[in-house]
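Asker: One structure coming up, written as structure tokens, with questions to follow.
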Amino acid sequence: EVQLVQSGAEVKKPGESLKISCKATGYSFASYWIAWVRQMPGKGLEWMGVIFPGDSDTRYSPSFQGQVTISTDKSIRTAYLQWNSLKASDTAIYYCAKHANGDHVGNFDYWGQGTLVTVSS
Amino acid sequence: QSVLTQPPSVSGAPGQRVTISCTGASSNIGARFDVHWYQQLPGTAPKLLIYGTYHRPSGVPDRFSGSKSGTSASLAITGLQAEDEADYYCQTYDNRLSGSVFGGGTKVTVL
Chain F
184 EVQLVQSGAE VKKPGESLKI SCKATGYSFA SYWIAWVRQM PGKGLEWMGV
234 IFPGDSDTRY SPSFQGQVTI STDKSIRTAY LQWNSLKASD TAIYYCAKHA
284 NGDHVGNFDY WGQGTLVTVS S
Chain Y
140 QSVLTQPPSV SGAPGQRVTI SCTGASSNIG ARFDVHWYQQ LPGTAPKLLI
190 YGTYHRPSGV PDRFSGSKSG TSASLAITGL QAEDEADYYC QTYDNRLSGS
240 VFGGGTKVTV L
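If you want it as structure tokens, here you go:
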């Protein structure tokens, strides 16, 4: 059974760093692109970027380029989303999602449960 | 502002048919990229509803159907049920942005 299990909720102060995770099981982790999607409170879904665990090829949305870092650790089948300096506007639920096919053009067939990140002084 | 435009809300009585539009551009839907739809129930992660513009994953009722024409796509729900109350998002690929794009989401209310 395919599962994406994300790390737990975080409460941080502005300026702090953070790395959240998404552990994948039930499929060949290195063979499918994984994306990160932001959902701000009461708002819609926003594609942040995507990574291919096989070779760490990474693409970012222009809106998020330079603001976050996406990475993976193949040895533990885990993808990461990282901030160096959080802002209050980073408060949101963050989802990881697996692309269904071996490209990053198609649909997402599995989603993590989401990680709520709250940034407040 | 989302790259794909959806109506903020649609509503219908139980048993009725509702449609949700998803309007894009020549760099995404008009470039013949498939459109996909997700259902998000309150407090839960999105769930794949329609993939490849027309196809339903196993377990999705045939009350849900997708279509596409030109730079727009649509999701239809026939025989609306109370359990269909949720937010619905379209998604495709945009070759100008070189990444996935989502619609702004549509809240379906069952009257």
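Same order as they appear, the protein sequences are chains F and Y.
For the first sequence, this note's numbering gives the first residue as 184, with consecutive numbering after it.
For the second sequence, this note's numbering gives the first residue as 140, with consecutive numbering after it.
Virtual Cβ for every residue (Gly too), placed ideally from N, Cα, C.
Is the region 209–229 of chain Y in contact with the region 286–295 of chain F, if contact means three or more CB pairs nearer than 8 angstroms?
Answerer: No contact exists between the region 209–229 of chain Y and the region 286–295 of chain F.
Asker: Quick check on DSSP: helix, strand or coil for Y:S211?
Answerer: Counting from 1 along the second sequence, the entry for residue 211 of chain Y is found at position 72. Strand, per DSSP.
Asker: Mapping the DSSP letters down to three states, classify Y:A225 as helix, strand or coil.
Answerer: Numbered from 1 along the second sequence, position 86 holds the residue referred to as residue 225 of chain Y. Residue state, collapsed to three classes: strand.
Asker: 8 angstroms is my cut-off, CB to CB: does Y:P200 come that close to chain F?
Answerer: Mapped onto the second sequence, residue 200 of chain Y falls at position 61. False, the Cβ-Cβ gap to chain F never drops below 8 angstroms.
Asker: Let me make sure I understand the geometry here. Which of Y:A152, Y:T192 and Y:G154 has the alpha-carbon closest to that of Y:S160?
Answerer: The sequence position of residue 160 of chain Y within the second sequence is 21, counting from 1. For the residues Y:A152, Y:T192 and Y:G154, the minimum Cα distance to Y:S160 belongs to Y:T192.
Asker: Among residues of its own chain, excluding the 5 on either side of F:S272, which ones have a beta-carbon nearer than 7 angstroms to its beta-carbon?
Answerer: Counting from one through the first sequence, the residue named residue 272 of chain F turns up at place 89. None.
Asker: Check whether the Cβ atoms of F:G232 and F:R221 sit closer than 8 angstroms, and answer yes or no.
Answerer: Looking up residue 232 of chain F in the first sequence gives position 49. Looking up residue 221 of chain F in the first sequence gives position 38. No. Outside cutoff.
Asker: Taking 8 angstroms as the cut-off, decide whether the C-beta atoms of F:Y263 and F:I203 are in contact.
Answerer: Taking the first residue of the first sequence as 1, we reach residue 263 of chain F at position 80. Taking the first residue of the first sequence as 1, we reach residue 203 of chain F at position 20. Yes; because the gap between Cβ atoms is below 8 angstroms, this pair is in contact.
Asker: Could you say which of Y:S237, Y:G198, Y:C229 and Y:V247 lies nearest to Y:L219 if we only look at CA atoms?
Answerer: One-based indexing of the second sequence puts residue 219 of chain Y at position 80. Among Y:S237, Y:G198, Y:C229 and Y:V247, the Cα nearest to that of Y:L219 belongs to Y:V247.
Asker: Could you name the residues of the same chain whose beta carbon sits closer than 6 angstroms to that of Y:L180, not counting the 5 residues immediately before and after it, in chain order?
Answerer: Here residue 180 of chain Y refers to the residue found at position 41 when the second sequence is read from its first residue. Around Y:L180: A225.
Asker: Once you ignore the five residues that flank Y:Q155 on each side, which residues in its own chain have a CB closer than 7 angstroms to its CB?
Answerer: To locate residue 155 of chain Y, count along the second sequence from 1; it is residue 16. Once the five neighbours on either side are set aside, the close Cβ partners of Y:Q155 are L219.
Asker: Using only CA atoms, which one of Y:P146, Y:S206 and Y:S165 lies nearest to Y:L236?
Answerer: What you label residue 236 of chain Y is simply residue 97 of the second sequence in a count that begins at 1. Cα-wise, what sits closest to Y:L236 is Y:S165.
Asker: Quick test of the definition: if touching needs 3 or more C-beta pairs under 8 angstroms, does the region 240–257 of chain F touch the region 144–153 of chain Y?
Answerer: The region 240–257 of chain F vs the region 144–153 of chain Y: no contact.
Asker: Look at the alpha carbon of F:S186 and the alpha carbon of F:T298, and state the distance between them as a whole number of angstroms.
Answerer: Position 3 of the first sequence, counting from 1, holds the residue named residue 186 of chain F. Position 115 of the first sequence, counting from 1, holds the residue named residue 298 of chain F. Sequence check: residue 186 of chain F is Gln here, not Ser. Straight-line Cα distance between these residues: approximately 15 angstroms.
Asker: Establish whether the CB of F:F235 and some CB of chain Y are separated by less than 8 angstroms.
Answerer: By one-based count along the first sequence, residue 235 of chain F stands at place 52. No, F:F235 lies away from the interface with chain Y (no Cβ there is under 8 angstroms from its Cβ).
Asker: In terms of residue numbering, what span does the beta strand (DSSP E) encompassing Y:F172 cover?
Answerer: For this step, residue 172 of chain Y is matched to residue 33 along the second sequence. Per DSSP, Y:F172 belongs to no beta strand (DSSP E) and is neither H nor E.
Asker: Please report the straight-line C-alpha distance between Y:F241 and Y:Y232, rounded to a whole angstrom.
Answerer: On the second sequence, residue 241 of chain Y is found 102 positions in, with the first residue counted as 1. On the second sequence, residue 232 of chain Y is found 93 positions in, with the first residue counted as 1. So the two alpha carbons sit approximately 9 angstroms from each other.
Asker: Using a Cβ-Cβ distance under 8 angstroms, would Y:A184 count as near chain F?
Answerer: If you number the second sequence from 1, residue 184 of chain Y lands on position 45. Output row for Y:A184: interface = yes.
Asker: Determine the chain Y residues that contact F:D240 at a beta-carbon separation under 9 angstroms, and present them in chain order.
Answerer: Position 57 of the first sequence holds residue 240 of chain F. None at all; the shortest Cβ gap to chain Y is about 12 angstroms.
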